[in-house]
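*Asks:*
Protein chains in written order, with the working numbering: chain R, 2 to 342; chain U, 2 to 342; chain B, 2 to 342; chain Z, 2 to 342.
1. Measuring alpha carbon to alpha carbon, tell me which of U:134, U:48, U:116 and U:112 ends up nearest residue 85 of chain U.
2. Going by beta carbon distance, what residues of the same chain come within less than 8 Å of residue 6 of chain U, once the five residues before and after it are set aside?
3. Within 10 Å of its beta-carbon, does residue 239 of chain U have 16 or more other beta-carbons around it, so buried, or fewer, so exposed?
4. Applying a beta-carbon distance threshold of less than 8 Å, which residues of chain B neighbour residue 25 of chain Z?
5. Please confirm whether residue 247 of chain R and residue 235 of chain U have their CB atoms less than 7 Å apart.
6. Please specify which runs of the alpha helix (DSSP H), each continuous and at least 4 residues long, are wholly inside the segment 200 to 246 of chain U, giving them in chain order.
7. Considering only the alpha carbon of each residue, which of Z:19, Z:58 and Z:18 lies closest to residue 232 of chain Z?
8. Give me the Cβ distance between residue 70 of chain B and residue 203 of chain B, rounded to the nearest whole Å; I'm assuming they're in contact under 8 Å.
9. Please determine if the segment 264 to 283 of chain R and the segment 293 to 302 of chain R are in contact, where contact requires at least 3 C-beta pairs separated by less than 8 Å.
10. Write down the C-beta distance between residue 118 of chain R and residue 163 of chain R rounded to the nearest angstrom, noting that I regard them as a contact closer than 8 Å.
11. Answer with buried or exposed for residue 289 of chain Z, where buried requires no fewer than 16 other C-beta atoms within 10 angstroms of its C-beta.
12. For residue 244 of chain R, which residues from the same chain have a beta carbon less than 6 Å from its beta carbon, with the 5 sequence-adjacent residues on both sides left out?
13. With distance defined between alpha-carbon atoms, name the residue in B:340, B:301, B:341 and B:335 nearest to residue 345 of chain B.
14. Locate the beta strand (DSSP E) running through residue 131 of chain Z, then write down its first and last residues.
15. According to DSSP, simplified to helix, strand and coil, what is residue 286 of chain Z?
16. Terminal residues of the continuous alpha helix (DSSP H) containing residue 180 of chain Z?
17. Please list the partners that residue 77 of chain Z has in chain R, where partner means a Cβ-to-Cβ separation under 7 Å.
18. List, in order along the chain, the chain Z residues whose C-beta lies closer than 7 Å to that of residue 97 of chain U?
19. Thinking C-alpha only, which one of R:304, R:89 and R:99 is nearest residue 105 of chain B?
20. Are the beta-carbon atoms belonging to residue 76 of chain Z and residue 139 of chain R less than 7 Å from one another?
21. Measure the C-alpha to C-alpha separation of residue 19 of chain B and residue 13 of chain B and round it to an integer number of angstroms.
22. Would you grab the beta carbon distance between residue 189 of chain R and residue 154 of chain R for me? Rounded to a whole angstrom, and I think it's under 8 Å.
23. Please say whether residue 28 of chain R and residue 192 of chain U have beta carbons closer to each other than 7 Å?
24. Just how far apart, CA to CA, sit residue 109 of chain Z and residue 98 of chain U?
25. Please decide whether residue 91 of chain Z counts as near chain U, where near means a Cβ-Cβ distance under 7 Å.
26. First and last residue of the alpha helix (DSSP H) that includes residue 154 of chain B?
27. Starting from the C-beta of residue 147 of chain B, find all residues in its chain whose C-beta is less than 6 Å away, skip the five residues before and the five after it, and write them out in chain order.
28. Applying a beta-carbon distance threshold of less than 8 Å, which residues of chain U neighbour residue 136 of chain B?
29. My assumption, with CB atoms under 8 Å, is that residue 79 of chain U sits in contact with residue 137 of chain U. Please give the rounded CB distance.
30. Following the continuous beta strand (DSSP E) through residue 174 of chain B, name the residue where it begins and the one where it ends.
31. Alpha carbon to alpha carbon, how far is residue 277 of chain B from residue 31 of chain Z? Give it in angstroms, no decimals.
32. Mapping DSSP to helix, strand and coil, what is residue 122 of chain Z?
33. Is it buried or exposed, residue 269 of chain B, if we count other Cβ atoms within 10 angstroms and call 16 or more buried?
34. Consult DSSP for residue 92 of chain U and reduce its assignment to one of helix, strand or coil.
35. Of the choices Z:181, Z:223 and Z:93, whose alpha-carbon is the least far from that of residue 53 of chain Z?
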């Protein structure tokens, strides 16, 4: 079976695993207070071009979103997101479980537009009864989005302006950030993200680690007591080294970008093949998730040779599906799939 | 520096790490739905002597306690624990953050006695105003306790009887369970624990894994929606394989007990050395945590050669300290430490 | 100023206040355990035609919705509501603060249709990833709705069928229930509501009391510990008598229906006057809230003589406004308003 | 039956009820935005000798404690209280349900001593592992305490100093504040309380109203969004006038102190009678709750003529009981009781 189901179906990139092997028997203090975590954080700061960033390692994406959002919001505030946003759909109500509403803006391509946000905010504060409503207190975006799309620098700049006008932190879910950064269709650099977002995370789980995400506060705005709240949430590993070592490897010799480039190269080849063979794209994604519309016959045939996922049943003759490439995609699998399209 | 600070200062047992290396590039489904997790669960069931146990893998101890307790309790119920219990002291209020009070019973040795519990329950239901109070709805114990002590079979049986009388689940925190099972001073088997406890966890983090705990429900009593609640809590790893593979290794060829025995052997040698050299034990622990009372001079001298922790300042001339052995304790370190006592 | 702003701008119906005066110095036990509360509950049971109903008095609508929903839902479940529903818009995120998502169905007239609900449920369980989503676990409706509309018996029956098929309790917010029951356009009786809903509340605050709502469980399904959870939520009055006495008066000699009829008579006269004078209705409401579209000039002129509220700015020339009648509406005010339209 | 069960067994003081009657049909805006609430707040400010106090009306004591504590604490903080404190014992875990631990200091007389608090704080910050613990973030006291005792000015000053040193707000539960202010054994004035406490509440429910408490912030420190959070908690009355009018009456012509004095006069006569007739006091209370030790025979005999409550079974021959006087205590009842002692 050819593997295009998701970007978390294999273990860790070999360089990442090597690090864990090398340092396995070294005795280190717990809870992320070790030299490896410190070193990894410094490498991330260098990657981001800012030596004053506050970095906290966590284990997974939902956990990171949960902690980032619930510790930044005041109790009467809600987070604004696209209705397609991961936090609104596929995190089992984690944000609401933490006590906060997710206010949604309709989105066709996974993005929140600055214009829509501005209109929403004006309407909110224009409503006489808004003291009886959840206050929009933060904006959540993902980059790449759940639909593989990307923000341009202009789009993110506009969003950030609206956020600042209303004093709302802008938070970027970077579960697949690497795949966005190396896309040829993006003009958004990591330095832009650091400047425009108040907090964001660099995803490890989907870009080469066994687990782990790096949550980054860009404005010296990590909430007081964040480490205690991490523990309180059940999100602090006794062996913090597990994540620290993996990120150390990921940010050594540009590994993070190198392996992201591999995934994007594979994804673009796959997209081109789909287009050339007459398939209709469901959305034109510039990143490692490719969405295409299949007929029931095509779905049945391709399901026999490759693992991928059904995204949405459009109607009885059209099914949107998703193929995902990653750092682990094998060239031979890609060739085989293309030849069988 | 000789390492006796804790049982989570090294990485994973080499056999555990080997498993992660071997299966690294195998493509597997996410969220614990893979073959490795299934196999590991079966091995745990065999270890426990019961093929109908419900097992859920989680990443850390606080997370496991939080999920176990908050999903078993009804909203108006509280968990009863020793005042020394980990959930009452060192988990940053995770249980309360989930909405539940920790009701405490005074304890000198880390254990909850069945007699104390019974008296407490009688007093509670004898109070006319108890409808305005938190209902005791579950009992939390640790084995070994935070002070290294163990429950005898008779003690656990009595506790379980009181719990059943009042229809409260009995939950055992087994962060260091292996070290308790192999202690020569314990008559409590894993089969007893399965029979007497309603749920418990087998700790990995402190007994040979990089991360991971196995939460076990013994009475077909895993709450409905448990997997969804795990996601909701930010506690579900996309790469569930990470924990599954480690537990598979841990429960192959009796590795879990073998490496626990090593820790206990080291701990007993250390205790004997302390006694022989005239040190006073703070508590007589039969497991891998050894507590001894030092003078300020002894503390200063030993601090220069070994890492260990200060437990409690008793008075100006007496300081209780803790030395911990583990699967990773090196024989030569132990010898060196003993020779320097 | 003529008072048409809302149905909670005056105190209590004189008969209700009289009861408080009469029994003021009688010494009674606290927390709703008194004879007055018992008697009021019995009168409510007789009104509903069922002597086995479980009744709990609470102080306000948001509080009642919060307790009803948060105690009925399991932790991983969400409540389904119309996007216009009070709990989704004007309760400051109370439901989410209790940990639960509000899943919304688009609605034009304030109602949830059984057909829409059924389609939603089929889509939910048809989604392979639904274990990572909030489970719809309860349905919230209001009757009359926030837009003054009513469910027919057929509509409520269909909704109840879908709820039962999916084992979801059906909950009716009856903040203005009286006004719905006496509307000539409704074929839904209190007996129907008792049969079709799993729980509902009879609102006092908007129908003649100073405060107080009666939450009713129809299937012997009041959650265990409900009284303790009421206390825990800060929702239990020490002087439970305050609500008990008021409901006793409200359900003596049919007062509840009598005063509701007065409000509806006034509302229908007002609606007819609007229509006759050429105003456009925003929605054709059969209950005590009347929605009409004004021009900016009309708005300015009417604002000088009457208190009412702006509902929605449709465009620069059309503003939807709301006039509300109640048990307290004075005939002379109504006449004056009509003459000035 | 003579009524000494509690101070919430009757309705409202006649002057309070009169106000509700007089203004019943006046049309007023909802949610506490009316003239009556404003006027009542001003009267409270005058009573307190400070015109800049922030005042919020709420309905009951548990609700007030819940909102005050949960909105002032940061998420990783806990409230410190005497182990006898109402929030720790009789509020059904409301504080924990809001996510916060109650850290307790042992107390024999219901008070928290500044010295004990200081020692506790020093120990907390002296503990190397305190980042894994709940941070003490606020101090809760009651005045009078649950045992009827009072803080002296010196005691409250010391407490306030420790609180300021550690930047913790000091919060006073004044459910029975009036009874404390008029006690001849207290040197603590309302002005002292305003100066020394960061927030406190003036209780209405136990001192003459049907319901209602006035929560007061003394340092311009009401949390942002407090009104929205009140709604979110289900604690905002649509008819805020209900509480506003009652407090208006209570703080007109010194009514609050007058009716408190009546209760204290009765309580002191009762205490003296107990002492003269040879009863042993359980605690020497200077306020409206009187605690005395009875034999089983005395208990049986007195239970036939008066309602009072059993506080604690000391042993088979000694039972501590509580007699409570209030604004509503009738002179003839008191005489009758004394004559039957």
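For every residue, glycine included, the Cβ atom is placed at its ideal position computed from N, Cα and C.
*Replies:* Inspection of the coordinates gives the following:
1. Comparing Cα-Cα distances from residue 85 of chain U to each of U:134, U:48, U:116 and U:112, the minimum goes to U:112.
2. So the list reads 308, 309, 310 and 325, once near-sequence residues are dropped.
3. Buried is the call here.
4. 11, 12, 13, 15 and 18, listed in chain order.
5. The answer is no: Cβ separation not under 7 Å.
6. Counting whole runs of 4 or more residues, the segment 200 to 246 of chain U contains the alpha helix (DSSP H) stretches 227 to 233.
7. That would be Z:58, whose Cα lies nearest to the Cα of residue 232 of chain Z.
8. In fact, because the Cβ distance is near 17 Å, the residues do not count as touching under 8 Å.
9. By the criterion of at least three beta-carbon pairs nearer than 8 Å, the segment 264 to 283 of chain R is in contact with the segment 293 to 302 of chain R.
10. The pair is a contact, with the Cβ atoms about 5 Å apart (cut-off 8 Å).
11. Result: buried.
12. Excluding positions up to five away in sequence, the list reads 58 and 213.
13. Lying outside 2 to 342, the shown extent of chain B, residue 345 of chain B is not represented and no answer is given.
14. Run containing residue 131 of chain Z: none; DSSP gives neither H nor E here.
15. In the three-state reduction of the DSSP assignment, residue 286 of chain Z falls in the coil class, being assigned neither a helical nor a strand state.
16. Where residue 180 of chain Z is concerned, the enclosing alpha helix (DSSP H) starts and stops at 178 to 182.
17. Per Cβ cutoff of 7 Å: 226, 229, 230 and 233.
18. Within chain Z, the residues near residue 97 of chain U are 97, 100, 101 and 102.
19. In this structure, R:89 is the residue among R:304, R:89 and R:99 with its C-alpha nearest to the C-alpha of residue 105 of chain B.
20. Against a cut-off of 7 Å, the Cβ pair of residue 139 of chain R and residue 76 of chain Z comes out as no contact.
21. Cα atoms of residue 19 of chain B and residue 13 of chain B: separation of roughly 9 Å, rounded to the nearest angstrom.
22. Rounded, the Cβ-Cβ distance is 5 Å, consistent with contact.
23. Going by C-beta atoms, residue 192 of chain U is not nearer than 7 Å to residue 28 of chain R.
24. C-alpha of residue 109 of chain Z to C-alpha of residue 98 of chain U: approximately 29 Å in a straight line.
25. So, interface residue.
26. Element bounds for residue 154 of chain B: 154 to 166.
27. Answer for residue 147 of chain B: 85, 87 and 111, listed in chain order.
28. Chain U residues near residue 136 of chain B: 226 and 229.
29. About 6 Å; that satisfies the 8 Å criterion.
30. Boundaries of the beta strand (DSSP E) around residue 174 of chain B: 171 to 174.
31. For residue 31 of chain Z and residue 277 of chain B, the distance between alpha carbons rounds to 32 Å.
32. Reduced to three states, the DSSP call for residue 122 of chain Z is helix.
33. Burial call: buried.
34. Note: residue 92 of chain U maps to coil in three-state DSSP.
35. Check the Cα spacing between residue 53 of chain Z and each of Z:181, Z:223 and Z:93: the tightest is with Z:223.
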